[in-house]
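Under numbering that gives the first Met the number 0, the residues of the first sequence are numbered 0 to 883, in order.
Glycine included, each C-beta is placed from N, C-alpha and C at the ideal position.
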Amino acid sequence: MAADKKTEQSYHEWEEPLFNAWKESGCFERTPGFGKNGSQTYTIVIPPPNITGMLHMGHALNDTIQDTCIRRARMQGYQTRWILGTDHAGIATQTKVDKKLAEEGTSRLEIGREAFIKACYDWRAEYGTTIVNQIMGMGCSCDYSDEKFTLSPEYAHAVRKVFCDWYHDGLIYRGKRIVNWCPSCTTAIADDEAEYVDEKGHLWYLRYPLTEPVDGIEYVVVATTRPETMLGDTGVAVNPKDERYKNLIGKTIKLPLVNREIPIFADYYVDSEFGTGCVKTTPAHDPNDYAMGQRNDLDQINIFDEHAVVVEGYGKFSGMTRDEAREAVVAEFEALGLLDHVEDHDHSVMTCYRCHTKLEPWLSEQWFVAVDRLKEKAAQVVEDGTIQFHPARWKQVYLDWLENLKDWCISRQLWWGHRIPMFYCDTCGWEDACMEDIDVCPKCGAPVRQDTDVLDTWFSSQLWPFATQGWPEAPEQLDGTYPTQVLSTARDIMGLWVARMVMSSLYFTNEIPFEHVIIHPTVMAADGKPMSKSRGNGVDPLKLMEAYGADGMRFGLLLQVTGAQDLKFNESKLESSRNFANKIRNAARFVMLNLDDYVPGDPQPATLADQWIFSRLARLVESLDKAYEGFEFGEITRELYAFFWNEFCDWYIELSKPRLNAGGQDRAICQRNLVFVLNTALRLLHPIMPFVTEQIYQELPGEKETEFLMMASWPDAEALAMYKNDEAERAIGLVTQTVSGIRSTRARYGLSPKVELNVVVKPENEQAAAVFAEQQTLIASLGKVTIDQIAQDVQKPQESSVVLSDGVEVYVLLSGLVDFEAERARLEKQCKTLEKDRMKFEKKLSNQGFLSKAAPEIIEKDRAKLADIVDTLQRLQDQLDQLG
RNA sequence: GGGCGAUUGGCGCAGCGGGAGCGCAGGUGCCUUACAAGCACAAGGUCACAGGUUCAAAUCCUGUAUCGCCCACCA
Numbered sequence: 000m001a002a003d004k005k006t007e008q009s010y011h012e013w014e015e016p017l018f019n020a021w022k023e024s025g026c027f028e029r030t031p032g033f034g035k036n037g038s039q040t041y042t043i044v045i046p047p048p049n050i051t052g053m054l055h056m057g058h059a060l061n062d063t064i065q066d067t068c069i070r071r072a073r074m075q076g077y078q079t080r081w082i083l084g085t086d087h088a089g090i091a092t093q094t095k096v097d098k099k100l101a102e103e104g105t106s107r108l109e110i111g112r113e114a115f116i117k118a119c120y121d122w123r124a125e126y127g128t129t130i131v132n133q134i135m136g137m138g139c140s141c142d143y144s145d146e147k148f149t150l151s152p153e154y155a156h157a158v159r160k161v162f163c164d165w166y167h168d169g170l171i172y173r174g175k176r177i178v179n180w181c182p183s184c185t186t187a188i189a190d191d192e193a194e195y196v197d198e199k200g201h202l203w204y205l206r207y208p209l210t211e212p213v214d215g216i217e218y219v220v221v222a223t224t225r226p227e228t229m230l231g232d233t234g235v236a237v238n239p240k241d242e243r244y245k246n247l248i249g250k251t252i253k254l255p256l257v258n259r260e261i262p263i264f265a266d267y268y269v270d271s272e273f274g275t276g277c278v279k280t281t282p283a284h285d286p287n288d289y290a291m292g293q294r295n296d297l298d299q300i301n302i303f304d305e306h307a308v309v310v311e312g313y314g315k316f317s318g319m320t321r322d323e324a325r326e327a328v329v330a331e332f333e334a335l336g337l338l339d340h341v342e343d344h345d346h347s348v349m350t351c352y353r354c355h356t357k358l359e360p361w362l363s364e365q366w367f368v369a370v371d372r373l374k375e376k377a378a379q380v381v382e383d384g385t386i387q388f389h390p391a392r393w394k395q396v397y398l399d400w401l402e403n404l405k406d407w408c409i410s411r412q413l414w415w416g417h418r419i420p421m422f423y424c425d426t427c428g429w430e431d432a433c434m435e436d437i438d439v440c441p442k443c444g445a446p447v448r449q450d451t452d453v454l455d456t457w458f459s460s461q462l463w464p465f466a467t468q469g470w471p472e473a474p475e476q477l478d479g480t481y482p483t484q485v486l487s488t489a490r491d492i493m494g495l496w497v498a499r500m501v502m503s504s505l506y507f508t509n510e511i512p513f514e515h516v517i518i519h520p521t522v523m524a525a526d527g528k529p530m531s532k533s534r535g536n537g538v539d540p541l542k543l544m545e546a547y548g549a550d551g552m553r554f555g556l557l558l559q560v561t562g563a564q565d566l567k568f569n570e571s572k573l574e575s576s577r578n579f580a581n582k583i584r585n586a587a588r589f590v591m592l593n594l595d596d597y598v599p600g601d602p603q604p605a606t607l608a609d610q611w612i613f614s615r616l617a618r619l620v621e622s623l624d625k626a627y628e629g630f631e632f633g634e635i636t637r638e639l640y641a642f643f644w645n646e647f648c649d650w651y652i653e654l655s656k657p658r659l660n661a662g663g664q665d666r667a668i669c670q671r672n673l674v675f676v677l678n679t680a681l682r683l684l685h686p687i688m689p690f691v692t693e694q695i696y697q698e699l700p701g702e703k704e705t706e707f708l709m710m711a712s713w714p715d716a717e718a719l720a721m722y723k724n725d726e727a728e729r730a731i732g733l734v735t736q737t738v739s740g741i742r743s744t745r746a747r748y749g750l751s752p753k754v755e756l757n758v759v760v761k762p763e764n765e766q767a768a769a770v771f772a773e774q775q776t777l778i779a780s781l782g783k784v785t786i787d788q789i790a791q792d793v794q795k796p797q798e799s800s801v802v803l804s805d806g807v808e809v810y811v812l813l814s815g816l817v818d819f820e821a822e823r824a825r826l827e828k829q830c831k832t833l834e835k836d837r838m839k840f841e842k843k844l845s846n847q848g849f850l851s852k853a854a855p856e857i858i859e860k861d862r863a864k865l866a867d868i869v870d871t872l873q874r875l876q877d878q879l880d881q882l883g
């Protein structure tokens with residue numbers, strides 16, 4: 000039996016037909032809306048995965064969050080649309096295709112630009128759909144009928160317009176700048192795409208001879224981590240306040256090895272405390288040196304080619320790589336007696352985020368976006384809460400990022416991407432950004448050439464929320480569906496992507512791109528470190544779905560979402576979620592097995608049990624709505640789990656068994672109530688566990704509101720509010736306490752669950768007596784006891800154990816079965832615990848400060864608690880006395 | 001160097017001013033006609049440390065320690 004269960008299903012398998020049914024019925028396309036929200040739209044754009052991508056845990060979590068939001072919105076009656084698409088991913092794709100060509104024995108340079116781009120499209124056709132299929136596997140309700148792509152003709156048109164408009168508005172300019180150059184990818188890399196890696200290096204102290212000795216000083220010593228760059232030195236900097244070097248300012252140095260005469264100059268950038276206080280300055284190969292060079296009018300000498308190999312004109316150094324040149328330069332200095340000394344020095348080096356090659360600061364011609372005019376508004380809309388971050392503390396991180404933002408290098412020396420629409424006439428010098436390709440110069444008629452660079456991938460992704468919605472050709476499509484409602488993403492691309500979307504959207508649409516930004520925690524491996532191939536600590540969501548179903552994975556992931564920045568992946572949560580899905584299925588099976596004579600009808604809270612579960616349900620919906628407002632997915636899943644399992648299954652279903660068996664009118668009422676609670680719970684669970692809930696919904700008897708649960712309505716908290724019932728909750732509290740107490744007694748004395756026990760009951764007052772009387776059948780059945788007597792004046796029988804619950808004492812008759820020393824020990828332990836509580840509350844309630852300052856309802860509550868404790872203590876004491 | 005987060009039972013985490021909770025693991029007893037991927041019961045914590053605010057602190061403030069992340073990048 001158990002073995003059958005395990006082979007019964009690969010969870011994932013039965014999910015697929017349901018997905019196809021949704022898809023075929025058009026459920027994923029934009030919905031028309033209904034009810035009070037029907038006229039409003041709710042749109043999400045998916046962060047476009049790279050076409051090179053495979054579904055990883057980050058996607059799994061992020062897509063679950065979005066699907067949960069959009070599914071709930073759909074059920075709430077909004078006109079929903081979740082826009083799907085992929086990113087062409089410049090460097091990532093080019094790297095893959097390069098590799099493929101290499102395997103085929105050719106290369107990009109060999110086949111040329113046009114053929115290479117075709118190869119990229121071919122690659123996309125073959126592999127680029129993988130991730131979309133995987134997203135489908137998760138059950139995501141994206142609009143698959145209208146998939147977007149950042150390199151489609153329409154999208155390219157939008158990108159081109161952005162470039163041209165910004166260029167003509169003076170926001171895009173060309174400049175010679177130091178950029179982070181990857182000598183392996185042979186392209187510029189944005190600052191934020193570079194990764195720093197700590198490296199154990201050295202500080203070399205080099206002697207630089209003065210052209211003419213000054214006051215007997217023949218040389219200065221400079222400290223450097225990169226001796227090879229001395230070939231491009233065009234100055235030596237000192238701090239103007241540094242007394243040691245004051246009289247050297249303005250003098251010159253005869254640069255060794257290259258015999259270049261370079262000036263000693265003053266700049267406040269120099270820290271006199273570090274090294275020797277003299278800084279060799281290489282404007283073409285260091286960003287700070289570049290800045291100093293600008294201020295002090297130094298030459299810029301580029302010593303490396305695009306592969307970071309020393310260029311012609313440097314004798315034996317020409318043709319050497321960076322590392323070879325370093326070794327050779329140091330050796331030469333040593334030979335010349337100019338190597339002062341060497342120290343160990345740890346520092347960090349920039350590496351390419353794609354290929355991890357050390358980046359070279361390299362002077363080259365690049366295109367930039369001037370951000371000053373854009374960033375102010377982008378800060379404003381977050382500052383004033385027009386765009387909200389969840390959790391809220393990310394607001395400050397966003398603002399800080401904008402604050403420190405520098406001009407953005409957007410040109411990349413790649414082939415795969417949006418080619419920069421700049422056209423140049425070499426004949427007359429004309430140049431412009433053009434919306435349409437041109438062959439000849441509009442000014443002189445000579446042939447023109449187009450810029451060969453392409454745009455940074457983020458330049459196109461920044462348009463994602465509006466370029467996917469018809470901009471700029473059909474701005475009216477933006478009406479009503481723009482701004483979008485939710486943007487969910489990982490924190491690492493908050494600046495790179497989120498801020499840039501805000502900037503470009505405000506400029507081009509005059510609107511914010513989205514109202515809420517969800518920054519979800521980063522999924523770390525179980526060891527707390529980032530998941531990575533090299534560490535081998537990663538987890539594959541596809542395998543997780545095989546093991547736990549998409550439902551199990553989704554629920555299990557959301558259970559782990561908190562306000563923290565990271566989430567240490569915990570597979571056991573997925574296991575409990577899979578078990579939870581199973582529990583839901585089984586509970587539904589129980590309900591349906593008992594519906595053979597079912598007559599549909601309105602729910603009717605006839606008994607205290609009904610009133611209780613309806614009340615709990617009403618509070619659940621209210622509380623879920625509140626948690627959804629703050630996008631608190633951990634809270635949402637925990638509440639659903641607790642309600643369904645611990646209240647509905649553990650108690651309501653158990654309480655309903657005797658009623659169903661009894662037959663008659665109460666059976667009919669109970670059936671309807673079970674169906675009602677189950678149906679409502681399925682709706683609440685559906686956005687997170689779409690498959691199980693849909694499957695059960697399909698099997699439920701009776702008329703359906705909609706063909707699919709996916710399109711059904713979200714339970715209305717206001718309509719349910721009338722079921723809130725404190726009294727019923729208290730009354731069922733008495734039942735559960737009593738039953739648990741009886742079971743506990745049974746377990747304590749090792750009495751088999753099969754043995755029927757006898758009890759007598761002493762209610763404290765009329766009300767308790769009435770409640771108990773009403774519930775006695777249930778209590779008798781769940782506790783497996785026979786109730787001999789209920790009366791306010793019963794005495795505790797000899798040889799019995801007592802169960803204390805609110806307002807009632809239940810005496811379990813144990814004559815002959817039990818060691819009463821154990822019972823005494825138990826009562827004494829309980830007394831001890833309560834005695835501590837009593838003292839705590841007595842102290843609190845005799846504290847003048849508390850009485851005068853605390854809120855009256857708190858004082859009342861605590862008084863009641865104390866009274867309760869004292870009462871219970873007294874009752875326990877009585878039991879002890881009777882044990883003798 | 002600047003900023004942010006974490007520190008709660010064996011493990012992973014909730015709670016974030018008013019009597020310490022969940023999941024997993026472990027213990028005991030149950031194949032109770034929805035479910036052994038289950039049910040019942042029990043056990044397990046001076047909420048990192050030190051000060052402070054408050055009638056009241058796991059919860060707020062300050063500092064310390066440990067771990068982690070982001071940003072900057074002093075040659």
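Where residue i falls, given that 16 or more other Cβ within 10 Å makes a residue buried
i: T385; result: exposed
i: N678; result: buried
i: R658; result: buried
i: V598; result: exposed
i: I188; result: buried
i: S140; result: buried
Beta strand (DSSP E) segment containing residue i, residue limits
i: A193; result: A193 to V213
i: F316; result: Element bounds for F316: n/a, residue is neither H nor E.
i: H685; result: Taken as a continuous stretch (DSSP letters only), H685 belongs to no beta strand (DSSP E), as it is neither H nor E.
i: T42; result: T40 to V44
i: D339; result: L338 to C351
i: T426; result: From DSSP, T426 is part of no beta strand (DSSP E); its letter is neither H nor E.
Same chain only: Cβ atoms within 7 Å of residue i, ignoring 5 sequence neighbours per side
i: G174; result: Q365 and F367
i: R874; result: L803 and E808
i: P762; result: A768, F771, I789, Q791, G806 and V807
i: R71; result: Y627, P686 and W713
i: R206; result: Y218, V220, L337 and D339
i: L60; result: H519, V522 and L556
i: N258; result: none
i: I300; result: G231, T233 and A283
Sequence-distant residues of its chain with Cβ nearer than 6 Å to residue i (five each side left out)
i: G274; result: A222
i: T186; result: R411, Q412 and L413
i: K160; result: P471
Span of the alpha helix (DSSP H) around residue i
i: L413; result: That residue, L413, is in no alpha helix (DSSP H); it is neither H nor E in DSSP.
i: K656; result: E653 to A661
i: F849; result: Q847 to K852
Whole-number beta carbon distance between residue j and residue i, since they are thought to touch under 8 Å
i: S799; j: V807; result: 15 Å between Cβ atoms; not a contact.
i: F316; j: A324; result: 5 Å
i: L777; j: L654; result: 5 Å
Same chain only: Cβ atoms within 8 Å of residue i, ignoring 5 sequence neighbours per side
i: T210; result: K250, T251, I252, K253 and E260
i: M530; result: H55, M56, V522, M523, A524, N536, G537, V538 and F568
i: A377; result: L401, A498, V501, M502 and L505
i: D438; result: P446 and V447
- Curious, which full-length alpha helix (DSSP H) runs of at least 4 residues does the segment 588–651 contain? Unbroken alpha helix (DSSP H) stretches of 4 residues or longer found wholly inside the segment 588–651: 607–628 and 632–640, given in chain order.
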